[in-house]
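Residue 152 in our numbering sits at position 143 of the sequence shown, and the numbers go up by one each step.
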Amino acid sequence: MTGLLLWKEHLKEFYEKYNPMIHPLIRFLFTLCTVLSINSTIGYMAKLKNPLVVLMVCLVGALLPNCTLVLLIGCLLAVHLYAVSMEMALIAVLMMIVVGILYYGFKPGDSWLLVLTPLAFLFKIPYAVPLLVGLGGSLCSVIPVSCGVFFYYLVMYVKQNAGVLTGEGAVDMVQRYSQIVRAVFFNQTMIVMIVTCIVGILVVYLIRRMSIDYAWVVAIVAGSVAELLVIFIGDFIFGVSVAPIQMVLGMLVSAALAAVYNFFIFSVDYTRTEYVQFEDEDYYYYVKAVPKMTMSTTDVQVKKISARKRSTREREPGGQRPS
């Protein structure tokens with residue numbers, strides 16, 4: 010544990026020292042991962058798959074704040090959807106506008122969750138998002154996470170039905186929109202996953218704020234169990250099928266990521282817990298103080314002693330060496 014704490018302190022010092030360069034690098038890698046994922050999943054607009062275009066988008070994204078970066082990625086998604094179906098692009102744009110009006114005008118700090126959630130689904134670890142958001146976010150974060158789940162299933166619907174959407178049938182516009190709305194907004198699997206994310210965030214958030222020992226660890230375990238229960242209930246009621254092996258592996262990886270986050274953000278020593286009581290004119294205060302687990306890095310400085318100076322000290326007064 011001592012070695013891990015020292016490594017953690019070294020990472021914190023490195024991050025504080027090179028913070029101006031690390032943030033743009035993280036945005037660049039985040040944008041690159043997102044753009045490549047979109048291009049590989051629904052890359053129907055060939056011009057946007059050009060490596061030079063991808064590089065330019067990533068360089069621009071590295072300099073943008075979170076809200077503007079999410080808007081840029083949303084525009085890329087809408088263009089790809091427009092190459093398949095104008096209706097799907099219009100639904101995506103309207104959904105982005107609704108999210109912007111209802112949420113990002115008031116609390117834009119969690120806008121990156123709108124992009125991170127679909128990425129987690131693509132990497133088969135969707136259960137990590139509720140755990141991490143419950144540990145480090147707020148209850149309002151359920152809005153961008155839920156919208157991120159919606160956009161993921163929107164993209165999956167386009168990928169699975171691209172041939173039908175691009176076909177020119179005799180179906181009128183009203184019937185075409187009604188079919189798309191029923192297929193996208195009333196997808197039972199999507200609804201179950203949205204409820205899973207909401208329940209996971211609520212359980213983790215409420216437990217980690219409780220004044221109990223190992224609250225964050227308990228919150229991770231309880232949140233994982235709650236997500237599994239919601240999926241099992243959804244399977245029983247709606248017949249939503251989820252690959253059990255993939256689900257278990259995804260849950261284990263998600264819990265491991267949450268444990269790593271816990272170590273770096275909320276690493277405390279419950280064996281040295283202290284209870285403090287004091288009062289003022291109006292109240293009595295009962296405080297539970299839990300010290301953080303920190304390890305100060307030692308700054309070792311090696312001083313070189315010159316041989317000539319030591320030889321001078323060994324001389325006797327008068328310049329004579331001792332016999």
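Just so you know, even glycine gets a beta-carbon here, dropped at the ideal spot from N, CA and C.
The Cβ-Cβ distance between G118 and Y270 does not fall below 8 Å.
Excluding residues up to 5 positions away in sequence, A129 lie with their Cβ nearer than 6 Å to the Cβ of P135 in the same chain.
Taken in chain order, the unbroken stretches of alpha helix (DSSP H) that lie wholly in the region 84-153 and span 4 residues or more are 95-108, 122-131 and 137-145.
The three-state reading of DSSP puts E283 in strand, counting E and B together.
The Cβ-Cβ distance between N75 and W121 falls below 8 Å. The Cβ-Cβ distance between G143 and A264 does not fall below 8 Å. Here DSSP, grouped into helix, strand and coil, assigns E290 to coil. In this structure, the CA atom of S220 is about 16 Å from the CA atom of Q286. Taking a cut-off of 8 Å for Cβ pairs, the region 225-239 and the region 88-97 do not touch, as fewer than three such pairs fall below it. Proximity to V230 across A267, K301 and L68 peaks at A267, based on C-alpha coordinates. Counting C-beta atoms within 10 angstroms of its own C-beta, V138 has 16 or more neighbours from the protein chains shown and is therefore classed as buried.
Assigned with DSSP and collapsed to three states, A298 falls in strand. By the neighbour-count definition (other C-beta atoms within 10 Å, threshold 16), L85 is a buried residue. DSSP places L266 in the uninterrupted alpha helix (DSSP H) bounded by P253 to I274.
If you compare the alpha carbons of A171, P127 and S150 with that of M199, the shortest gap goes to P127.
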